[in-house]
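Visitor: Mind having a look at this structure? Questions to follow.
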Amino acid sequence: MASRPSKYKEQPWPLSPISATYSTTPTSPHPTIPSIMSDTAVGYDPHEAYRSEQEWARRHGRKEEARSTSDLESSAARLTLNTGPVKRPWWTLGFEKKMSIPLFIFFGGAILGFSLARTPMLHFKELLRLTTPGEGYWYTKPGWKPNIKIHVWTSLPASFFSVFCFLPITYNRWPRFHRYLGYIVSLLQVIASICGAVAGRHAQGGDLAVQSAVYIMGSASGGAIVLGCYEAWRGDIAAHREWMRGWFYNGTFITVRVTALLSAQVITAINTYFSLWRRSEIGFVLKDAAVLAQRYPLCGTPDAVARPDDTYVAVHSSWNEGRLGRGSASRASFGMALWVAMLLHFLGIELYLRMTTGESKWWREWSKRKANGEEHGRLGQETSRYDDYSLASEPLLNDFSPTR
Numbered sequence: 037m038a039s040r041p042s043k044y045k046e047q048p049w050p051l052s053p054i055s056a057t058y059s060t061t062p063t064s065p066h067p068t069i070p071s072i073m074s075d076t077a078v079g080y081d082p083h084e085a086y087r088s089e090q091e092w093a094r095r096h097g098r099k100e101e102a103r104s105t106s107d108l109e110s111s112a113a114r115l116t117l118n119t120g121p122v123k124r125p126w127w128t129l130g131f132e133k134k135m136s137i138p139l140f141i142f143f144g145g146a147i148l149g150f151s152l153a154r155t156p157m158l159h160f161k162e163l164l165r166l167t168t169p170g171e172g173y174w175y176t177k178p179g180w181k182p183n184i185k186i187h188v189w190t191s192l193p194a195s196f197f198s199v200f201c202f203l204p205i206t207y208n209r210w211p212r213f214h215r216y217l218g219y220i221v222s223l224l225q226v227i228a229s230i231c232g233a234v235a236g237r238h239a240q241g242g243d244l245a246v247q248s249a250v251y252i253m254g255s256a257s258g259g260a261i262v263l264g265c266y267e268a269w270r271g272d273i274a275a276h277r278e279w280m281r282g283w284f285y286n287g288t289f290i291t292v293r294v295t296a297l298l299s300a301q302v303i304t305a306i307n308t309y310f311s312l313w314r315r316s317e318i319g320f321v322l323k324d325a326a327v328l329a330q331r332y333p334l335c336g337t338p339d340a341v342a343r344p345d346d347t348y349v350a351v352h353s354s355w356n357e358g359r360l361g362r363g364s365a366s367r368a369s370f371g372m373a374l375w376v377a378m379l380l381h382f383l384g385i386e387l388y389l390r391m392t393t394g395e396s397k398w399w400r401e402w403s404k405r406k407a408n409g410e411e412h413g414r415l416g417q418e419t420s421r422y423d424d425y426s427l428a429s430e431p432l433l434n435d436f437s438p439t440r
């Protein structure tokens with residue numbers, strides 16, 4: 037006997053924006069819920085239900101529920117690591133934040149310009165001409181000449197090419213190039229820091245304020261760069277990003293040119309400052325023993341002539357009294373100017389890192405997910421330095437085991 041169709045016959049599940057994916061009946065098997073990582077392959081949009089809800093709220097006049105989905109989409113886009121990159125204009129160079137572009141142009145341009153302007157110092161005679169008056173005397177000595185030459189030959193190319201490592205487009209498109217270039221410039225900068233610290237013994241007359249600042253700068257910069265390279269080797273990109281503050285420390289020697297020049301003009305206007313010079317340093321600047329003895333009678337005595345490195349005289353600090361006066365003004369103010377520049381750079385980079393903690397947390401999660409299941413990686417065994425951003429409560433989106 038043929039049965040009549042019943043009005044209670046099982047009907048398909050009410051259609052909804054996600055019914056094609058999640059609908060089921062007692063006679064149909066439960067479909068496999070696609071992971072976020074494979075949604076693009078099946079054409080599934082995890083935000084479609086949310087958008088439909090927003091559309092319904094707009095149609096029924098419920099404006100308080102019709103919120104933008106940009107925050108949800110942006111966060112999910114950063115968590116779904118296998119999704120395609122967001123297309124941006126070429127001139128953004130891979131930067132995601134608009135504020136990053138002017139910051140890069142300002143600081144990166146300053147480093148590039150300074151490196152190019154100091155390129156003539158690769159020739160030793162130009163180095164003696166461009167350096168602060170009086171310092172060249174020590175650079176001609178056998179014990180100090182190799183150090184200053186190595187310092188210049190390593191610091192200038194390291195500073196110039198390091199700028200390109202901070203372009204997001206380099207580590208997004210050419211990660212291997214970024215890695216090798218980073219190791220090369222880091223090695224050069226560490227060598228430059230060591231040799232610069234040795235030459236700092238007689239920098240600007242060897243004042244203790246200058247020596248202490250140079251030693252702290254060399255150790256802080258070189259140490260931070262070494263730690264940054266180590267974290268990159270471990271795969272902890274968040275820590276690598278933070279330790280790259282060492283390159284910003286190096287910018288102190290550019291800023292100090294500004295602070296020292298301003299302070300030299302101030303003490304010139306005050307006109308009561310002096311700095312201590314050796315007879316040998318003054319003779320190296322004046323190039324004339326008769327003029328030296330006339331201006332500084334103490335330097336003309338037989339004892340001073342016999343021991344020029346042990347005879348000291350006070351030189352007036354004034355920007356208006358030739359090379360010797362300018363050198364004295366720079367020497368008198370350089371220690372203070374260097375500490376001020378260091379303070380600005382140390383505080384500035386820490387402030388920037390605190391303002392971009394969200395990016396650091398994302399890189400931390402990226403590193404954790406990438407290292408999940410890695411055979412010879414140590415990152416998964418370490419404790420996250422962002423304890424308030426625990427990954428234990430968030431399931432992994434997919435397996436990121438590297439295939440080699």
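Using the numbering used here, read the sequence shown as starting at 37 and increasing by one per residue. All C-beta atoms, glycine included, are put in the ideal place defined by N, C-alpha and C. This one's a predicted model, so the numbers in the text were calculated from it and none came from an experiment.
Residue 282 and residue 260 look like a contact to me (Cβ under 8 angstroms); what is the Cβ gap, rounded to whole Å?
Guide: On the sequence shown, position 246 is the one that residue 282 refers to. On the sequence shown, position 224 is the one that residue 260 refers to. 3 angstroms between Cβ atoms; contact.
Visitor: Across the segment 214-229 and the segment 157-174, are there enough close Cβ pairs to call them in contact, namely three or more that are closer than 8 angstroms?
Guide: No contact exists between the segment 214-229 and the segment 157-174.
Visitor: Can you list, in chain order, the residues of its chain with a C-beta nearer than 7 angstroms to that of residue 148? Leave out the 5 residues immediately preceding and following it.
Guide: Stepping through the sequence shown from its first residue, residue 148 is reached at position 112. Closer than 7 angstroms at the Cβ level, and outside the excluded window around residue 148, lie 196 and 199.
Visitor: Can you tell me where the alpha helix (DSSP H) with residue 381 in it begins and where it stops?
Guide: Position 345 of the sequence shown, counted from the first residue, corresponds to residue 381. Element bounds for residue 381: 358-391.
Visitor: Tell me the DSSP secondary structure of residue 313 in three-state form.
Guide: As a working mapping, residue 313 is identified with position 277 in the sequence shown. Note: residue 313 maps to strand in three-state DSSP.
Visitor: Helix, strand or coil: which one does DSSP assign to residue 352?
Guide: As a position in the sequence shown, residue 352 is number 316, starting the count at 1. Reduced to three states, the DSSP call for residue 352 is strand.
Visitor: Since residue 370 and residue 246 are thought to touch, with beta carbons under 8 angstroms apart, how far apart are those beta carbons, to the nearest angstrom?
Guide: Counted from its first residue, the sequence shown places residue 370 at position 334. Counted from its first residue, the sequence shown places residue 246 at position 210. Residue 370 to residue 246, Cβ: 6 angstroms. Contact.
Visitor: Going by Cα to Cα distance, which pick from 373, 337, 375 and 316 is closest to residue 177?
Guide: Position 141 of the sequence shown, counted from the first residue, corresponds to residue 177. Of the candidates 373, 337, 375 and 316, the one whose C-alpha sits nearest the C-alpha of residue 177 is 316.
Visitor: May I ask which residues mark the beginning and end of the alpha helix (DSSP H) holding residue 140?
Guide: Taking the first residue of the sequence shown as position 1, residue 140 is located at position 104. That run of the alpha helix (DSSP H) goes 136-153.
Visitor: Is there contact here, the segment 360-379 with the segment 295-308, by at least three beta-carbon pairs under 8 angstroms?
Guide: The segment 360-379 vs the segment 295-308: in contact.
Visitor: Flag this pair as touching only if the segment 329-343 and the segment 271-289 have three or more C-beta atom pairs under 8 angstroms; answer yes or no.
Guide: Cβ pair count under 8 angstroms is below three, so no.
Visitor: Might you give, ordered along the chain, the residues of its own chain that have their beta carbon closer than 6 angstroms to the beta carbon of residue 241, omitting 5 neighbours on each side?
Guide: In the sequence shown, residue 241 corresponds to position 205, counting from 1. Only 367 meet the Cβ criterion.
Visitor: Just reading off the alpha helix (DSSP H) that residue 308 is part of, what are its end residues?
Guide: Here residue 308 refers to the residue found at position 272 of the sequence shown. Element bounds for residue 308: n/a, residue is neither H nor E.
Visitor: With a Cβ-Cβ cutoff of 7 angstroms, do residue 222 and residue 258 count as a contact?
Guide: Along the sequence shown, one-based indexing puts residue 222 at 186. Along the sequence shown, one-based indexing puts residue 258 at 222. Their beta carbons are not under 7 angstroms apart, which means residue 222 does not touch residue 258 by this criterion.
Visitor: Threshold first: 4 residues or longer. Then list the alpha helix (DSSP H) segments lying entirely within the segment 241-301, N to C.
Guide: Qualifying alpha helix (DSSP H) stretches, in chain order: 244-270, 273-279 and 281-286.
Visitor: Any idea what DSSP makes of residue 339, helix, strand or coil?
Guide: Along the sequence shown, one-based indexing puts residue 339 at 303. Helix.
Visitor: Quick check: the segment 201-209 against the segment 151-162, are there 3 or more CB pairs under 8 angstroms?
Guide: Contact fails: fewer than three Cβ-Cβ distances are below 8 angstroms.
Visitor: Assess contact between the segment 348-357 and the segment 260-272, defined as three or more Cβ pairs (one per stretch) separated by less than 8 angstroms. Is contact present?
Guide: They do not touch, by the three-pair rule.
Visitor: Hey, could you find the ends of the alpha helix (DSSP H) residue 192 is sitting in?
Guide: Translated into positions along the sequence shown, residue 192 becomes position 156. 181-201 is the extent of the alpha helix (DSSP H) around residue 192.
Visitor: Count the other C-beta atoms from every protein chain shown that fall within 10 angstroms of the C-beta of residue 319, then say buried if there are 16 or more, exposed otherwise.
Guide: Indexing the sequence shown from 1 puts residue 319 at position 283. That one is buried.
Visitor: If I follow the unbroken alpha helix (DSSP H) through residue 161, where does it start and stop?
Guide: Locating residue 161 in the sequence shown gives position 125, where the first residue counts as 1. From DSSP, the alpha helix (DSSP H) with residue 161 extends over 160-166.
Visitor: Is DSSP giving residue 397 helix, strand or coil here?
Guide: Here residue 397 refers to the residue found at position 361 of the sequence shown. Of the three classes helix, strand and coil, the one that applies to residue 397 here is helix, per DSSP.
Visitor: In this structure, does DSSP put residue 229 in helix, strand or coil?
Guide: Here residue 229 refers to the residue found at position 193 of the sequence shown. Looking at residue 229 - three-state DSSP - the assignment turns out to be helix.
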